[in-house]
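K.L.:
Counting along the sequence shown from 1, when you hit position 166 you're at 165 in numbering that gives the first Met the number 0, and nothing is skipped either side.
Where a beta carbon is used, it is the ideal one built from N, C-alpha and C, also for glycine.
The structure presented is a predicted model; accordingly, all values stated were derived computationally and were not measured.
Provided herewith is a single structure, encoded as structure tokens, for subsequent inquiry.
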Amino acid sequence: MSRRLPLIHGTTVEDAGPYRLERLDLEFSNGERRRFERMVSRGHGAVVVVPMLDEETVLLVREYAAGVHRYELGLVKGRIDAGETPEQAADRELKEEAGYGARRIDVLRGLTLAPTYMSHVSWLVLARDLYPERLPGDEPEELEVIPWKLQELEKLMLREDFSEGRSLAALFIARSWLAAQ
0 MSRRLPLIHG TTVEDAGPYR LERLDLEFSN GERRRFERMV SRGHGAVVVV
50 PMLDEETVLL VREYAAGVHR YELGLVKGRI DAGETPEQAA DRELKEEAGY
100 GARRIDVLRG LTLAPTYMSH VSWLVLARDL YPERLPGDEP EELEVIPWKL
150 QELEKLMLRE DFSEGRSLAA LFIARSWLAA Q
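Written out as structure tokens, the structure is:
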């Protein structure tokens with residue numbers, strides 16, 4: 000079913016830190032009018048990196064997660080800086096957070112967080128053929144790097160300290176992509 004996008008009659012904007020809050024006055028194809036709110040990212044997107052130490056082992060990082068006030072296991076991730084490609088951002092973040100660079104980087108797809116009200120896109124990047132290299136990052140403390148076997152993904156997804164949806168989705172997607180190669 001193909002529908003015409005709603006007509007935007009007006010937009011109001013407010014500052015919301017790293018986002019811009021937009022209130023849209025919309026008219027749908029059936030004549031219904033509604034107000035929707037969306038958070039529009041001010042940045043250039045982000046990367047979620049699946050760093051493969053070898054064919055069976057992914058590197059996870061444990062870092063403080065202020066939103067839930069605990070330490071969380073997850074993948075390397077971070078913002079794409081102005082002028083960077085997702086591949087360049089992934090390699091930089093990998094060096095900053097895990098102390099590795101990658102000779103082979105593949106962008107698998109974009110992931111949205113909550114597309115009904117956020118414009119943010121995170122690019123899922125697979126990093127392979129790793130080598131040790133560290134860059135200074137913006138984390139307040141060094142992150143713990145934890146090797147995890149992809150065959151034990153079902154155990155990881157049940158851990159209380161592994162709850163970030165992008166990391167979980169990225170690992171399942173990457174595992175499927177690698178199996179098809």
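1) On a Cα-Cα basis, can you pick out the residue from Arg108, Asp128, Pro50 and Gly42 that is closest to Pro146?
2) Could you give the C-beta distance for Leu142 and Glu62, rounded to a whole number, given that I count them as a contact under 8 Å?
3) Quick check on this structure: which residue in Glu55, Arg103, Arg127 and Glu92 has the alpha carbon closest to the alpha carbon of Leu181?
4) For Glu71, which of helix, strand or coil comes out of DSSP?
5) Taking the beta strand (DSSP E) that Ile7 falls in, what are its first and last residues?
6) By a C-beta neighbour count over all protein chains shown, 10 Å radius and 16 as the cutoff for buried, is Val75 buried or exposed?
7) Between Pro5, Ala169, Arg165 and Ala45, which lies nearest to Arg91 when the distance is taken from Cα to Cα?
8) Distance, Cα to Cα, Glu181 vs Glu21?
9) By DSSP's criteria, Ala126 is part of a beta bridge. Which residues make up the other side?
10) Would you say Arg78 and Gly136 are within 8 Å of each other, going by their C-beta atoms?
11) Using 10 angstroms around the beta-carbon of Pro131, count the other beta-carbons present and answer buried if the total reaches 16, otherwise exposed.
12) Can you name, in chain order, every residue of its own chain whose Cβ lies under 8 Å from the Cβ of Gly98, other than the five neighbours on each side?
P.N.:
Concretely, from the data shown:
1) Along the sequence shown, one-based indexing puts residue 146 at 147. If we check each option's Cα against that of Pro146, Pro50 comes out closest.
2) Residue mapping note: residue 142 aligns to position 143 of the sequence shown, counting from 1. Residue mapping note: residue 62 aligns to position 63 of the sequence shown, counting from 1. The pair is a contact, with the Cβ atoms about 5 Å apart (cut-off 8 Å).
3) Within the shown structure, residues of the chain are numbered from 0 to 180, placing residue 181 beyond reach of any answer.
4) Position 72 of the sequence shown holds residue 71. Looking at Glu71 - three-state DSSP - the assignment turns out to be strand.
5) Along the sequence shown, one-based indexing puts residue 7 at 8. From DSSP, the beta strand (DSSP E) with Ile7 extends over Leu6 to Ala15.
6) For the purposes of this step, residue 75 is taken as residue 76 along the sequence shown, with counting starting at 1. With 16 or more other Cβ atoms within 10 Å, it is buried.
7) Counting from one through the sequence shown, the residue named residue 91 turns up at place 92. With distances taken between Cα atoms, Arg91 lies closest to Ala45.
8) An answer regarding residue 181 cannot be provided, because it is not within the stretch 0 to 180 covered by the chain.
9) As a first step, residue 126 must be located in the sequence shown, where it is residue number 127. Answer by DSSP bridge pairing, in chain order: Pro50 and Ile104.
10) As a working mapping, residue 78 is identified with position 79 in the sequence shown. As a working mapping, residue 136 is identified with position 137 in the sequence shown. No. Outside cutoff.
11) Residue mapping note: residue 131 aligns to position 132 of the sequence shown, counting from 1. Per the 10 Å Cβ criterion, exposed.
12) One-based indexing of the sequence shown puts residue 98 at position 99. So the qualifying residues of the chain are Pro131, Glu132, Arg133 and Val144.
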